[in-house]
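Per my numbering, the sequence shown starts with residue 5, numbered consecutively. Even for Gly, the Cβ is constructed at its ideal location relative to N, Cα and C.
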Amino acid sequence: MEQSEMRRILEQVRDGALGLDDAMLRIREAPYTEIGYASIDNHRQIRQGFAEVIYGAGKTKEQILGITLKMAENGVKTILITRMAPEKAAWVRDLLIKKAGLTCYYDPVPQTAIVGEMPEPSGRGSIVVASGGTSDMAVSEEAALTAEALGNHVIRLVDVGVSGLHRLLSHLDEIMSARVIIAVAGMEGALASVIAGLADCPVIAVPTSVGYGANFGGLSALLSMLNSCASGVSVVNIDNGFGAGYQAALINRAV
5 MEQSEMRRIL EQVRDGALGL DDAMLRIREA PYTEIGYASI DNHRQIRQGF
55 AEVIYGAGKT KEQILGITLK MAENGVKTIL ITRMAPEKAA WVRDLLIKKA
105 GLTCYYDPVP QTAIVGEMPE PSGRGSIVVA SGGTSDMAVS EEAALTAEAL
155 GNHVIRLVDV GVSGLHRLLS HLDEIMSARV IIAVAGMEGA LASVIAGLAD
205 CPVIAVPTSV GYGANFGGLS ALLSMLNSCA SGVSVVNIDN GFGAGYQAAL
255 INRAV
């Protein structure tokens, strides 16, 4: 149940179009839906402002389809699916169109799908997603699509790593006008510190597993970002573009 649906129920009670007992029944039925392999949290959007997100990795294509269809049936207008492999996505997308007439956008780079309507930006300002290199794009696009699916205007800065600092400095206007910045980088992870030294807004650092042997699968970037000398940097887990996009959306909504 979305916040708009809850408001509609309350307005119906106020106007006498819906009895109190019927309204209470609808609200009691709303918290979650049990479908055997999943308990769908229908109140997530009421509590947090955003609907539950489907994590595609580890789920069968049938489970992903079933959860998506049930969420759409319960009134969720925008459904975000992360880490869904291309072969699953093709099958799910085809059946979503045939069974429910739902649109489904899928980006194979971050393996992220958006089912239904893309919401109009409702955040207070822009979220900038900056990636150190092209190899970081799977993670940076996951962050960007997550933020967009949660109702935010996103500006992408691609391949602006510190090995060519002039590339980043040519985007000072975007950096200085952002409400939140997500800095995605592997190797030594220096991008977050540089951006945080330029910006006057929160910076969310995302270490990626991109790098050579001593990168230790992203651990070196993670430790560098945790030890940033620039103030105002928070750090999410390695390759967690979704977590960064979600956090940025919360900050942008609260500003």
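Return the Cβ separation of glycine 245 and glutamate 146 in integer angstroms, given the expectation that the two are a contact with Cβ distance under 8 Å.
Correct: roughly 3 Å between the Cβ atoms.
Looking at the structure shown, is glycine 215 part of a helix, part of a strand, or coil, going by DSSP?
Here glycine 215 sits in coil by DSSP.
Are the Cβ atoms of alanine 182 and valine 143 separated by less than 8 Å?
Cβ atoms of alanine 182 and valine 143: not closer than 8 Å.
Going by DSSP, what residues sit across from isoleucine 159 in a beta bridge?
Answer is Val132, bridged to isoleucine 159.
State the Cα-Cα distance for the pair glycine 136 and aspartate 26, rounded to the nearest angstrom.
Using only the alpha carbons, I get a separation of about 54 Å.
Can you tell me whether alanine 116 is buried or exposed, with buried defined as 16 or more other CB within 10 angstroms of its CB?
The amino acid at residue 116 is misidentified as alanine; the sequence shows threonine. So threonine 116 counts as buried.
Thinking C-alpha only, which one of Leu84, Tyr36, Ala61 and Ser197 is nearest arginine 51?
Nearest C-alpha to arginine 51: Tyr36.
Going by C-alpha distance, which of Asp177, Arg171, Leu173 and Val119 is nearest leucine 2?
The structure shown has nothing for residue 2, since the chain only spans 5 to 259.
Going by DSSP, name the residue or residues bridged to glycine 120.
Paired residue(s): Thr82.
Figure out for me which residue from Gly105, Asp111, Ala153 and Thr107 has the closest Cα to the Cα of glutamate 124.
The residue with the shortest Cα to Cα distance from glutamate 124 is Ala153.
From the DSSP output, in three-state form, read off cysteine 150 for me.
Note on identity: in this sequence residue 150 is threonine, with cysteine being the wrong assignment. Helix at threonine 150.
Please name the residue, chosen from Asp177, Leu73, Asn78 and Ala200, that lies closest to alanine 187 on a Cα-to-Cα basis.
Closest by alpha carbon: Ala200.
Is the beta carbon of threonine 86 less than 8 Å from the beta carbon of glycine 60?
Contact: yes.
Please classify valine 240: does DSSP put it in a helix, a strand, or coil?
Valine 240 falls in the coil class under three-state DSSP.
With DSSP as the reference, identify every bridge partner of aspartate 98, one or two as the case may be.
Its beta-bridge partners do not exist; DSSP assigns none.
In this structure, how does DSSP classify serine 235 when only helix, strand and coil are distinguished?
Serine 235 falls in the coil class under three-state DSSP.
Going by DSSP, name the residue or residues bridged to tyrosine 109.
Ile118.
Measure from the alpha carbon of methionine 141 to the alpha carbon of each residue in Ala252, Asp243 and Gly247, then state which is nearest.
With distances taken between Cα atoms, methionine 141 lies closest to Asp243.
Tell me the residue span of the beta strand (DSSP E) that contains tyrosine 250.
It is not in any beta strand (DSSP E) - tyrosine 250 instead sits in the alpha helix (DSSP H) that spans 245-258.
Assign serine 167 to one of two classes, buried (16 or more other C-beta atoms within 10 Å of its C-beta) or exposed (fewer than that).
Exposed is the call here.
Cα-Cα, which of Ala55, Ser174, Thr72 and Met88 is closest to glycine 62?
The shortest C-alpha separation from glycine 62 is found at Met88.
I'd like to check one pair, alanine 93 with tyrosine 109: are the Cβ atoms closer than 8 Å?
No, the pair does not count as a contact, with Cβ atoms beyond the cut-off.
Taking buried to mean at least 16 other C-beta atoms within 10 Å of its own C-beta, is alanine 218 buried or exposed?
Under this definition alanine 218 is an exposed residue.
Helix, strand or coil for valine 164, going by three-state DSSP, please let me know.
Valine 164: coil per DSSP, three-state reduction.
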